[in-house]
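Structure first, then comments.
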């Protein structure tokens, strides 16, 4: 496995996180008794305001499994993650935050879920509330639900920055995705199956969030623009609704003028409303049709591939789902060697 950590304000948290990951750089057994190992930890420097760069250099000097990836400027969390994916070499890619909120001990559980469900992408699903304020947690969960369920058309799960991806899929996304594509939406374009695995989120290690209201809104808007044409189709649907309301009003007026007193309505008002409703509906419907054409170009500009050729799944990481059978000798060795327990 390759572990990718985008780094913005990791001066105080990268050291403890690397120490935890070091225990996984020796072969270990997952909870489902599958053998795994972390071969590399990629720390992607995204030009934060603290001394993270010096910490990355020090960790790379002290640990052979740590490698620094240096971006030319600050690009944001998702582009930094894509840069790490493009630089990785593992059969599996794990992405996690720098702040200690994600527990490396849960990586084995993500792998078990991926192999049990034959999923190309597995997201960590927090069983407890994220260690942010109530307002941010609510808005974050709501926006991710909206994107996943209402706008995105495929592989609809709630996203998380703690994820496991088949290496071949992750590197392909890094090669195809455009600069404005939202990473998780782009993964959904080509992933065969997407699922979630339960984890317990930890408290952030005294690190101030790098997100403010402006960056969170920008983050949300990127999700909306990357999430397909369902949002654009809402414009067409709204136009049809207004046009139908106009026709219903016409039918109502014909009935009133034919069978009841035509003077019950203020003259001129009804015809004006019919013209407005029908005209407004036709305009919205036309905009929706134009938006469909724009949506095709948006997908192309964001790098959505028409297809992706991969290796035989049975010969890849998803094909190695065998468990290590427990035996008395193995259990004795596990007791003597905690790394294999």
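Numbering (this note's numbering), first residue to last: 48 to 388.
Where is the CB? At the ideal position from N, CA and C, for every residue including glycine.
Item: Assumed close pair residue 117, residue 214 - CB separation to whole angstroms, cut-off 8 Å; Value: With 8 Å as the limit, residue 117 and residue 214 do not qualify as a contact, their Cβ atoms being about 22 Å apart.
Item: Given 8 Å, three or more beta-carbon pairs between the stretch 232-241 and the stretch 158-174; Value: yes
Item: Endpoints, the alpha helix (DSSP H) within which residue 219 is located; Value: 214-223
Item: Within 8 Å, strictly: CB atoms of residue 352 and residue 223; Value: yes
Item: Classification of residue 299 by the beta-carbon crowding that lies within 10 angstroms, buried from 16 upward; Value: exposed
Item: C-beta contact flag for residue 95 and residue 54 at 8 Å; Value: yes
Item: Which of helix, strand or coil DSSP assigns to residue 356; Value: coil
Item: Sufficient close CB pairs (3 or more, under 8 Å) joining the stretch 122-136 to the stretch 147-157; Value: no
Item: Cβ-based burial, residue 306 [other Cβ within 10 Å; buried from 16]; Value: exposed
Item: Exposed unless 16 or more other CB atoms sit within 10 angstroms - verdict on residue 218; Value: buried
Item: Spatially closest choice to residue 365 from 176, 294, 159, by CA coordinates; Value: 159
Item: Same chain, Cβ closer than 7 Å to residue 175, five either side skipped, listed in chain order; Value: 247, 248
Item: Counted within 10 angstroms of its Cβ, other Cβ atoms place residue 238 as buried (16 or more) or exposed; Value: buried
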